[in-house]
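Numbering (our numbering), first residue to last: 10 to 371.
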């Protein structure tokens, strides 16, 4: 019997929070309703300042609670526009906002904020959170988790891969052995660059990138970066692909037109994805995340993979915008059913395990 769960996802794009109300059982996860609540610019900057600047324990603690109130607002707004009430929902699966992801350090960790106790109290719904820590504790990358859900949805298809293009990009190679990893930057560098030069949150339809010319030498240097040369399993985030990363490569060149840099950054995202897909016997690539709405990026990705059909997950009735939030509704269901999540082939954890901690609503 299908039951209602809510998934919450605030990703590396830092545009806001996606909330998905889903009917879930052991065989399906269907989207009933969704809601997006955008971060105000000053709130986004507050998060970025903590990620990239100097901070204090006090600021981190305050942000943890502020994010929880924001997530609760998004959940309550979603329920307000549906026929459902809090008591109809079994649980919320909350990813939280990643502050830092470092699975390969001397003391590996992945830190997400969005106080789950506050979220449970403010919504009146049980919360499942802290999904990544157990995988990291077992020697895994703690990411990406999307491949397990992609496999749940699309395992009936043959020679198919799924790529989520958010702030970062991650791929899922579906087959006898599930493979998945972060290919590198998705939209994060393009968003950063257009925000700095045009004051826009993102490059709508890739129009600004389309107006520029790819700087081939810069692109070649970027593609030789150490992350792209790493073998999977691997994962990354804003702690690596950020303004410092970009400046490091731009310093070697005389002035390049801003639109040409944007074109080159789009080419970097596309080429780094295409290079990985070409390693596998793939006939169809399904795209989800914000990048799926970038017309120029999608067309460029198709040209980079002439023997692969590139399409949105919408083709199979799965929302490209809400896929990641749906993942955490499904993961919450898995946790409450005490079911392990098949991820060890993706993250390189010692074994598959139950993910997430449960926070009571009262």
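Where a beta carbon is used, it is the ideal one built from N, C-alpha and C, also for glycine.
Measuring alpha carbon to alpha carbon, tell me which residue in 64, 369 and 348 is nearest residue 361. The residue you call residue 361 lines up with position 352 of the chain shown. Comparing Cα-Cα distances from residue 361 to each of 64, 369 and 348, the minimum goes to 348.
Applying the 10 Å Cβ sphere with the 16-neighbour rule, what's the burial state of residue 164? By 1-based counting over the chain shown, the position of residue 164 is 155. It counts as exposed.
Under 9 Å between C-beta atoms of residue 129 and residue 370: Walking along the chain shown from the start, residue 129 turns up at place 120. Walking along the chain shown from the start, residue 370 turns up at place 361. Going by C-beta atoms, residue 129 is nearer than 9 Å to residue 370.
Would you call the CB atoms of residue 307 and residue 29 closer than 9 Å? The residue given as residue 307 occupies position 298 in the chain shown. The residue given as residue 29 occupies position 20 in the chain shown. No, they are not a contact pair.
Going by CA-CA distance only, name the one from 77, 38 and 119 that's closest to residue 25. As a working mapping, residue 25 is identified with position 16 in the chain shown. Closest option to residue 25, Cα to Cα, is 77.
Taking contact to mean 3 or more Cβ pairs, one atom from each stretch, closer than 8 Å, check whether the region 317 to 335 and the region 290 to 304 are in contact. Counting Cβ pairs under 8 Å, three or more are found: they touch.
What are the uninterrupted segments assigned as alpha helix (DSSP H) that are 4 or more residues long and contained completely in the region 264 to 324, given in chain order? Note on the region 264 to 324: whole alpha helix (DSSP H) runs with a minimum of 4 residues are 267 to 286 and 304 to 313, in chain order.
Which ranges does the beta strand (DSSP E) cover as unbroken runs of at least 3 residues, wholly within the region 140 to 204, from first to last along the chain? Counting only runs of 3 or more residues that sit fully inside the region 140 to 204, the beta strand (DSSP E) segments are 169 to 174, 177 to 182 and 188 to 194, in chain order.
On a CA-only basis, which of 147, 100, 125 and 157 is nearest residue 134? Give me that one, please. By one-based count along the chain shown, residue 134 stands at place 125. Looking from the CA of residue 134, the closest CA among 147, 100, 125 and 157 belongs to 100.
Return yes when the Cβ of residue 13 is within less than 9 Å of the Cβ of residue 136, no when it is not. As a first step, residue 136 must be located in the chain shown, where it is residue number 127. As a first step, residue 13 must be located in the chain shown, where it is residue number 4. No.
Would you report the Cα separation of residue 261 and residue 110, rounded to the nearest angstrom? Translated into the one-based positions of the chain shown, residue 261 becomes position 252. Translated into the one-based positions of the chain shown, residue 110 becomes position 101. Between residue 261 and residue 110, the C-alpha separation is close to 28 Å.
Can you name, in chain order, every residue of its own chain whose Cβ lies under 6 Å from the Cβ of residue 182, other than the five neighbours on each side? Counting from one through the chain shown, the residue named residue 182 turns up at place 173. Excluding residues within five positions, the ones whose Cβ falls inside 6 Å are 170, 188 and 289.
Compare the beta carbon distance of residue 233 and residue 190 with 9 Å and say whether it is the shorter of the two. Looking up residue 233 in the chain shown gives position 224. Looking up residue 190 in the chain shown gives position 181. Residue 190 sits away from residue 233, with the two beta carbons spaced by 9 Å or more.
According to the Cβ coordinates, are residue 69 and residue 122 closer than 9 Å? Stepping through the chain shown from its first residue, residue 69 is reached at position 60. Stepping through the chain shown from its first residue, residue 122 is reached at position 113. In contact: residue 69 and residue 122 (Cβ atoms closer than 9 Å).
Residue 225 lies in the alpha helix (DSSP H); which residues open and close that run? Stepping through the chain shown from its first residue, residue 225 is reached at position 216. Its alpha helix (DSSP H) spans residues 225 to 232.
Indicate the three-state DSSP secondary structure (helix, strand or coil) for residue 347 in the structure shown. Start at 1 with the first residue of the chain shown, and residue 347 comes out as number 338. Residue 347: coil per DSSP, three-state reduction.
On the three-pair Cβ rule with 8 Å, is the region 138 to 157 touching the region 83 to 90? Short answer: they don't touch.
Provide the residue(s) that pair with residue 12 in DSSP beta bridges, ordered along the chain. The sequence position of residue 12 within the chain shown is 3, counting from 1. For residue 12, DSSP records a beta bridge to 33.
When you compare the region 311 to 323 with the region 271 to 286, are there three or more beta-carbon pairs, one atom per stretch, that lie closer than 8 Å? The answer is yes - the region 271 to 286 touches the region 311 to 323, with three or more Cβ pairs under 8 Å.
Have a look at the DSSP bridge pairing and note the partners of residue 372. As displayed, the chain neither begins before 10 nor continues past 371, which places residue 372 out of reach and without an answer.
Do residue 339 and residue 20 have their C-beta atoms closer together than 9 Å? Start at 1 with the first residue of the chain shown, and residue 339 comes out as number 330. Start at 1 with the first residue of the chain shown, and residue 20 comes out as number 11. For the 9 Å CB-CB criterion, residue 339 and residue 20 do not form a contact.
Do you know whose CA, among 172, 75, 106 and 305, lies nearest residue 294's CA? The count along the chain shown starts at 1 and reaches residue 294 at position 285. Nearest of 172, 75, 106 and 305 to residue 294, Cα basis: 172.
Assign residue 238 to buried or exposed, taking buried as 16 or more other Cβ atoms, counted over all protein chains shown, within 10 Å of its Cβ. Numbered from its first residue, the chain shown carries residue 238 at position 229. Residue 238 is exposed by the Cβ-count criterion.
What does a CB cutoff of less than 8 Å around residue 363 pick up in its chain, not counting 5 residues either side in sequence? As a first step, residue 363 must be located in the chain shown, where it is residue number 354. 143, 343, 344, 347, 348, 349 and 350.
Within 10 Å of its beta-carbon, does residue 268 have 16 or more other beta-carbons around it, so buried, or fewer, so exposed? On the chain shown, residue 268 is found 259 positions in, with the first residue counted as 1. With 16 or more other CB atoms across the displayed protein chains lying within 10 angstroms of its CB, residue 268 is buried.
According to the Cβ coordinates, are residue 368 and residue 126 closer than 9 Å? Here the question's residue 368 lines up with position 359 in the chain shown. Here the question's residue 126 lines up with position 117 in the chain shown. By the CB criterion at 9 Å, residue 368 and residue 126 fall inside the cutoff.
Who are the near neighbours of residue 160 in its chain, counting only those whose CB is closer than 6 Å to its CB and skipping five residues on each side? Residue mapping note: residue 160 aligns to position 151 of the chain shown, counting from 1. Apart from sequence neighbours up to five positions away, the residues of its chain that approach residue 160 with a beta-carbon distance below 6 Å are 183 and 187, ordered along the chain.
Please classify residue 5 as buried or exposed, where buried requires at least 16 neighbouring CB atoms within 10 angstroms. A question about residue 5 goes unanswered here, because the residues of the chain that appear run from 10 up to 371.
Integer Cβ distance of residue 212 from residue 203, believed to fall under 8 Å: Looking up residue 212 in the chain shown gives position 203. Looking up residue 203 in the chain shown gives position 194. Confirmed, about 5 Å.
Skipping 5 residues on each side, what residues in its chain have a beta carbon closer than 8 Å to that of residue 10? For the purposes of this step, residue 10 is taken as residue 1 along the chain shown, with counting starting at 1. Beyond the five residues adjoining it in sequence on each side, residue 10 comes within less than 8 Å, by CB distance, of 34 in the same chain, given in chain order.
Determine the DSSP secondary structure at residue 137, reduced to helix, strand or coil. The residue labelled residue 137 in the question sits at position 128 within the chain shown. Reduced to three states, the DSSP call for residue 137 is strand.
Just to confirm my understanding: we take residue 245, look at its own chain, exclude 5 residues before and 5 after, and list those with CB closer than 7 Å. What are they? In the chain shown, counting from the first residue as 1, residue 245 sits at position 236. Take residue 245, set aside five residues on each side of it, and the residues of its chain with a beta-carbon closer than 7 Å to its own are 177, 191, 193 and 236, in chain order.
Alpha carbon to alpha carbon, how far is residue 53 from residue 72? Locating residue 53 in the chain shown gives position 44, counting from the first residue. Locating residue 72 in the chain shown gives position 63, counting from the first residue. Those two C-alpha atoms are separated by around 11 Å.
Excluding the 5 residues flanking residue 139 on each side, which residues of the same chain have their C-beta closer than 6 Å to its C-beta? Counting from one through the chain shown, the residue named residue 139 turns up at place 130. Contacts found: 366.
Taking the alpha carbon of residue 38 as the point to measure from, which residue in 95, 158 and 259 has its own alpha carbon closest? As a first step, residue 38 is located in the chain shown; it is residue number 29 there, counting from the start. Checking every option, the nearest Cα to that of residue 38 belongs to 158.
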